[in-house]
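Structure first, then comments.
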Amino acid sequence: MRKPIIAGNWKMNLTPVEGAALVEGIWKEIAGQDAVEAVVCPPFVDIPAVAAAIEKGSMSIGLGAQNMHWSESGAFTGEVSPTMLLALGVGYVIIGHSERRQLFGETDQGVNRKVGSAIDHGLVPIMCCGETLKQREAGQTEDVVTNQVKCGFFELPRDKAAASVIAYEPIWAIGTGKAATPADADEVCGLVRRTVGELYDDDLAEGMRVQYGGSVSPSNVDELMSMPNIDGALVGGASLKAPDFARLVKFS
Ligand code: 13P
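Using my numbering, the first residue of the sequence shown is number 618, and each one after it goes up by one.
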């Protein structure tokens, strides 16, 4: 009953022309499928070109951004607002990726404001959580992830939260080629779901999609996606090659 969602986080890669070519290449391989929600999240400046390619090809591929500010406008140099994203046809937004938390000082409080604003504007937030290697080795995974989920949804009413996606991305698995084992990934995705159940209720938790992210590739996607608590993937490196990303969407 939870539709799988495979999202590509292109990070700071590809020009607008390259991005449009990538989405065209992906569509060639997945055209017609609707069992899985496929989403691409290009850099901001690539969004118009990718949106145009999606429209021209009548592709059923979702368009996401990698970040946004919570305000609609204002004196926030270098930021992009939810209304600007909506104007370009964006439907999803990654919030609180570990790279933004670690390299750009994003706080749980900022993540909470962004999640709330995304939902208020009708964007689907893909809220990221995940522990560092040090935290995992110290046995803190459960505390860290639970806390990030609770902070991300702090004081957000039930009807708003229901539209969200949560991505569990252990930081040690990102870009390392060392994905979490399906069992470990499933355990923490299950923890995320239980935490949502505690914040709201079981019904909402059962309906919410939880993705795993971190070195997802054509060679491990099938096993990861076979786990009961994993409803999708948030993918970096493998989302930049059309055949690889298409293979992820066509997991079996
Ligand atoms: P990789 O798939 O390159 O490990 O990146 C994961 C990620 O950070 C997606 O948001």
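Every residue gets a Cβ at the ideal spot worked out from N, C-alpha and C, and that includes glycine.
By the C-beta density criterion, F868 is buried, having at least 16 other C-beta atoms within 10 angstroms. For P742, the secondary structure class from DSSP, reduced to helix, strand or coil, is strand.
The closest CA to that of Q719, considering only E823, C745, A822, is found on C745. Annotation for R619: no alpha helix (DSSP H) segment contains it, and DSSP assigns it neither H nor E. Counting the other CB atoms within 10 Å of its CB gives F721 a total below 16, which places it among the exposed residues. Within the same chain, and ignoring the five residues on either side of E723 in sequence, the residues whose Cβ sits closer than 7 Å to its Cβ are G713, R717.
Around the beta carbon of Q726, a 10 Å sphere encloses fewer than 16 other beta carbons of the protein chains shown; the residue is thus reported as exposed. CA-CA distance, H738 to N729, rounds to 14 Å. With fewer than 16 neighbouring CB atoms inside 10 Å of its own CB, L750 falls in the exposed class. Positions of the beta strand (DSSP E) runs, each at least 3 residues long and wholly inside the region 760-806, are given as 782-785 in order along the chain. E748 and L808 have their C-alpha atoms spaced approximately 13 Å apart. Uninterrupted beta strand (DSSP E) stretches at least 3 residues long and entirely within the region 831-858 occur at 849-852, given in chain order.
When DSSP reads this structure, A655 sits in a beta bridge with I623. The C-beta of E823 has fewer than 16 other C-beta atoms within 10 Å across all chains shown, which makes the residue exposed. In the three-state reduction of the DSSP assignment, I643 falls in the helix class. The Cβ atoms of V741 and S781 sit closer than 8 Å to each other.
Each residue's CA atom was taken as its position, placing T758 and C806 some 12 Å apart. Apart from the 5 residues on each side of it in sequence, H686 sits with its Cβ closer than 7 Å to the Cβ of F693, E696, V697, S698 in its chain, given in chain order. Collapsing the DSSP output to three states places V697 in coil.
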